[in-house]
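Read in order, the letters of the sequence shown correspond to residues -16 to -1, 1 to 390 in mature numbering (1 follows the signal peptide of the UniProt record, and there is no 0).
Report on the structure given below.
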Amino acid sequence: MSSIFLLFPLMHSSESLQTRSPDIMKPQNEEMSCEEDVLRWLAAQVDTSKDFSICVSRINLVERGLLLWRRQKISSPVNTLKITFLGEAGVDTGALRKEFLIELIGGIETRLFEGEEGKGKMPKYSLNDLDNGLFRVAGEVFAVSLAQGGPAPRFLQDWCFDFLLSGTLENANKDNVYDAEFSPLIKMIEEASDLSSYSEQIVNCGFTGPINEDNKQNITRAIVMHAAAQRTLMLQQLREGLQLYRLIDTMEKNREVCRSLFVVQGGNDKVDSHYIVSHLAPQMSESGTLKHTKDVQILNHFQDFLMELEDGDAQDEAALSVPQVMQWLTGQAHRHLLLSEREAFKITVQFDHTCMQRLPSHTLCYPIISACTQTITFPTAHLSNSNEFKEIMKTAVQHGGCFYRV
């Protein structure tokens, strides 16, 4: 009988965090010149004397994560976030935290915000979520993610960021407020010669003047203000969450530097094939040997696999993506925000040429990864051709994302 070995990520508790005194929580008075300054300052505000521990299931992670975050009373999110996934043996030395923050930030974006793809998002008009304090939790999650190695919440509309800092809607206009209901209405009003068919909608948006073509500009302004004003309570609560680490104070003093961490046009954290391949550190066999030839072949297969994923259908949500491979390898799906982290980042690649000697009766085994040490080991006996490599990798990434081995 043939046997199949499916090997899952390994976790090592090799990282250690230096404990910082709580008195480091001082206001930032100096101006910051770049994102790097903001992120380093934020990281220094984390109180590592205690852990902010959350034990959560991967199933329904976003809803459960928000609930558990809100009801945690023993410690504060100002402390080091420690994640345990129910039923898994993984010990959080950083990789689990990053994975949790990636999933939670992405979930918050779809759960609590809305807007057109590529144009940024605004808070959903949801009074029950407001009453449950979920926008405050979202603000805290944003702050923790920036301070503790997670992704930047780069999906807000520009006017939302301005409101968080100024408390006014003076910067809200039809060019930067995108609403699924009201933006199409504005377009129809601008193109119409007779506004009578839109009278009820216009009045419901708070416009009380004469509804005629001469007032089109005032009417569209009223609709924009109506769409934005509905979200101000949610943004005010989001601001409360951003008080964590006194982040909001730093944002006010360094508005344009911080803008790029929050607005959709601010930057691109998406991992591509080049980002992964350029940070590979393969431990190659001796040059000129058959083993070395196999090593090179596998690296080529890996690069081709990533490029094929990159060129796939972006609209297919079920399709495997390059960021998913990055998360499988390292625990995080985004580019490192700090330049120093990007420069130090490497994925160690090892090659197992002896699995058939150890287990002569088996027919298939999968790559072994350690997300904490950022190491992947390829079994060379089972990855000899491109098609075999792709199928094995797809199965490994899709079904080997949990931490069952320590």
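All C-beta atoms in this analysis are idealised placements derived from N, C-alpha and C, irrespective of residue type, glycine included.
Residue 54 to residue 62, Cα distance in whole Å?
Translated into positions along the sequence shown, residue 54 becomes position 70. Translated into positions along the sequence shown, residue 62 becomes position 78. Distance between the alpha carbons of residue 54 and residue 62: 13 Å.
So, helix, strand or coil for residue 130, using DSSP?
Against the sequence shown, residue 130 aligns to sequence position 146. In this structure, residue 130 counts as helix in the three-state DSSP scheme.
Cα separation between residue 311 and residue 193?
Within the sequence shown, residue 311 is the residue found at index 327, counting from 1. Within the sequence shown, residue 193 is the residue found at index 209, counting from 1. Put simply, the backbone Cα of residue 311 is about 54 Å away from that of residue 193.
Span of the alpha helix (DSSP H) holding residue 168?
Taking the sequence shown and counting its residues from 1, one reaches residue 168 at position 184. Per DSSP, residue 168 belongs to the alpha helix (DSSP H) from 166 to 175.
For my contact list, residue 38 and residue 49 are in at a C-beta cut-off of 8 Å; report their separation, rounded to the angstrom.
In the sequence shown, residue 38 corresponds to position 54, counting from 1. In the sequence shown, residue 49 corresponds to position 65, counting from 1. Right, the Cβ-Cβ distance comes to about 7 Å (below 8 Å), so this counts as a contact.
Just curious, the alpha helix (DSSP H) that residue 242 is in, first and last residue?
Within the sequence shown, residue 242 is the residue found at index 258, counting from 1. Segment 239 to 243, the alpha helix (DSSP H) holding residue 242.
Per DSSP, residue 63 is paired with what?
As a first step, residue 63 is located in the sequence shown; it is residue number 79 there, counting from the start. Paired residues: 31.
Leaving out the 5 sequence neighbours to the left and right, which residues in its chain are closer than 6 Å to residue 264 when beta-carbon positions are compared?
As a first step, residue 264 is located in the sequence shown; it is residue number 280 there, counting from the start. Closer than 6 Å at the Cβ level, and outside the excluded window around residue 264, lie 331, 333.
Between the CA atoms of residue 87 and residue 44 - distance to the nearest angstrom:
Translated into positions along the sequence shown, residue 44 becomes position 60. Translated into positions along the sequence shown, residue 87 becomes position 103. Approximately 10 Å, taken between the alpha carbons.
Tell me the DSSP secondary structure of residue 408 in three-state form.
With the chain covering -16 to 390 only, the question about residue 408 has no answer from this structure.
Taking residue 255 as the reference, which of 290, 206, 341, 99 has the closest Cα?
Taking the sequence shown and counting its residues from 1, one reaches residue 255 at position 271. Nearest to residue 255 by alpha-carbon distance, out of 290, 206, 341, 99, is 290.
C-beta contact flag for residue 134 and residue 78 at 8 Å:
For the purposes of this step, residue 134 is taken as residue 150 along the sequence shown, with counting starting at 1. For the purposes of this step, residue 78 is taken as residue 94 along the sequence shown, with counting starting at 1. In this structure, residue 78 does not lie closer than 8 Å to residue 134 by Cβ.
Inspect the beta-carbon positions of residue 148 and residue 222 and report whether they are closer than 8 Å.
On the sequence shown, residue 148 is found 164 positions in, with the first residue counted as 1. On the sequence shown, residue 222 is found 238 positions in, with the first residue counted as 1. For residue 148 and residue 222, yes; Cβs fall inside 8 Å.
Give the DSSP bridge partners of residue 254, in chain order.
Here residue 254 refers to the residue found at position 270 when the sequence shown is read from its first residue. 318, per the DSSP bridge assignment.
Check this for me: beta carbons of residue 212 and residue 156, under 8 Å apart or not?
Locating residue 212 in the sequence shown gives position 228, where the first residue counts as 1. Locating residue 156 in the sequence shown gives position 172, where the first residue counts as 1. Contact: yes.
According to DSSP, simplified to helix, strand and coil, what is residue 334?
Mapped onto the sequence shown, residue 334 falls at position 350. It is a strand residue.
Would you call the segment 19 to 34 and the segment 318 to 331 touching, i.e. three or more CB-CB distances under 8 Å?
Result yes; three or more Cβ-Cβ pairs closer than 8 Å.
Return helix, strand or coil for residue 283, following the three-state DSSP convention.
Counted from its first residue, the sequence shown places residue 283 at position 299. DSSP places residue 283 in helix when its eight states are reduced to three.
Exposed or buried, residue 383, counting other C-beta atoms within 10 Å across all chains shown (16 or more means buried)?
Position 399 of the sequence shown, counted from the first residue, corresponds to residue 383. With fewer than 16 other Cβ atoms within 10 Å, it is exposed.
Buried or exposed for residue 40, please, with buried defined as at least 16 other CB atoms from any protein chain shown within 10 angstroms of its CB.
Looking up residue 40 in the sequence shown gives position 56. Under this definition residue 40 is a buried residue.
Taking the beta strand (DSSP E) that residue 264 falls in, what are its first and last residues?
Indexing the sequence shown from 1 puts residue 264 at position 280. Here the beta strand (DSSP E) through residue 264 covers 264 to 266.
Contained alpha helix (DSSP H) runs [length at least 4] in the segment 54 to 126, N- to C-terminal order:
Scanning the segment 54 to 126 for uninterrupted alpha helix (DSSP H) segments of 4 residues or longer gives 79 to 96, 111 to 115, listed from N- to C-terminal end.
Residues that residue 140 bridges to, as DSSP identifies them:
Counting from 1 along the sequence shown, the entry for residue 140 is found at position 156. For residue 140, DSSP records a beta bridge to 105, 247.
May I ask you to report which of helix, strand or coil DSSP gives residue 339?
Counting from one through the sequence shown, the residue named residue 339 turns up at place 355. Residue 339 falls in the helix class under three-state DSSP.
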